[in-house]
Amino acid sequence: MQAGTVERVVVYPVKSLAGSSRPAAELGPDGLAGDRAWVPVDAASGAALQARDVPGLHDLAPSGDPDRDAAALSGLAGAPVRLEARTGPAGAAVHLVSRRALDRAAAGEVPEGCAAEDPRANLVLALGAGGDERAWVGRRLRVGGALLEVSRLPKHCLGVYAEVLRPGTVAVGDPVVVDPVVDPAVEDDGV
Numbered sequence: 018m019q020a021g022t023v024e025r026v027v028v029y030p031v032k033s034l035a036g037s038s039r040p041a042a043e044l045g046p047d048g049l050a051g052d053r054a055w056v057p058v059d060a061a062s063g064a065a066l067q068a069r070d071v072p073g074l075h076d077l078a079p080s081g082d083p084d085r086d087a088a089a090l091s092g093l094a095g096a097p098v099r100l101e102a103r104t105g106p107a108g109a110a111v112h113l114v115s116r117r118a119l120d121r122a123a124a125g126e127v128p129e130g131c132a133a134e135d136p137r138a139n140l141v142l143a144l145g146a147g148g149d150e151r152a153w154v155g156r157r158l159r160v161g162g163a164l165l166e167v168s169r170l171p172k173h174c175l176g177v178y179a180e181v182l183r184p185g186t187v188a189v190g191d192p193v194v195v196d197p198v199v200d201p202a203v204e205d206d207g208v
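The working numbering applies: residue 18 is where the sequence shown begins, and numbers increase by one.
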């Protein structure tokens, strides 16, 4: 069943910094190509910088030059910062959120305990009437050439996280198809 379409594809080259919209991107086992490839760390402690600790971090657009970005981050943080290449998975491969959820959050309609700020999702989806991505946990989605399995809700409550079962290209305008629920208790008798 087609649930909607991809409205926006966003790659965040440096974790916690601003993202860049793309018309399309390759979605691999670890997420969108180039997404969160670099992590800003405090040069003295080696601790990853968090947006909650460094105001304005989410607003800083990476230049693509790690040395220049580290210098800009150092100025913002007020202490030496370096960029390190991400090693290992970033948590979930891909973060999806509906335009409807973003609009509700902007209007102040969020569940208690949830944040209303931009969830920094990779795929923003335009869903049909009544569509709610939170109902997809445990389901498979076909988005462009990729097959995803929705694994969980994020802590901040907006959108869903998914793992990549089959890599492929995703693009603005691609259909988002929710695969039907298959009851594993019903065996296929070959008919």
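Cβ atoms here follow ideal geometry from the backbone N, Cα and C, with glycine treated the same way.
Quick check on DSSP: helix, strand or coil for residue i?
i	result
residue 26	strand
residue 173	coil
residue 119	helix
residue 92	helix
residue 197	coil
residue 146	coil
residue 57	strand
residue 74	helix
Quick check: what's the CA-CA separation for residue i versus residue j?
i	j	result
residue 121	residue 175	10 Å
residue 29	residue 35	6 Å
residue 3	residue 51	What the structure shows of the chain is the stretch from 18 to 208, and residue 3 is not part of that stretch, so it cannot be assessed.
residue 186	residue 131	31 Å
residue 93	residue 71	7 Å
residue 194	residue 49	19 Å
Under 8 Å between the Cβ atoms of residue i and residue j?
i	j	result
residue 197	residue 19	no
residue 54	residue 103	yes
residue 157	residue 24	no
residue 27	residue 110	no
residue 142	residue 164	no
residue 148	residue 188	no
In its own chain, which residues sit with a C-beta less than 7 Å from the C-beta of residue i, not counting the 5 before and 5 after it?
i	result
residue 33	57, 66, 67, 68, 74, 75
residue 166	157, 179, 180, 182
residue 145	20, 21
residue 38	25, 26, 27
Keeping to the same chain, check which residues put their C-beta closer than 8 Å to that of residue i; ignore five residues upstream and five downstream.
i	result
residue 31	53, 54, 55, 56, 57, 79, 86, 100
Flag this pair as touching only if the stretch 81-98 and the stretch 152-172 have three or more C-beta atom pairs under 8 Å; answer yes or no.
-> no
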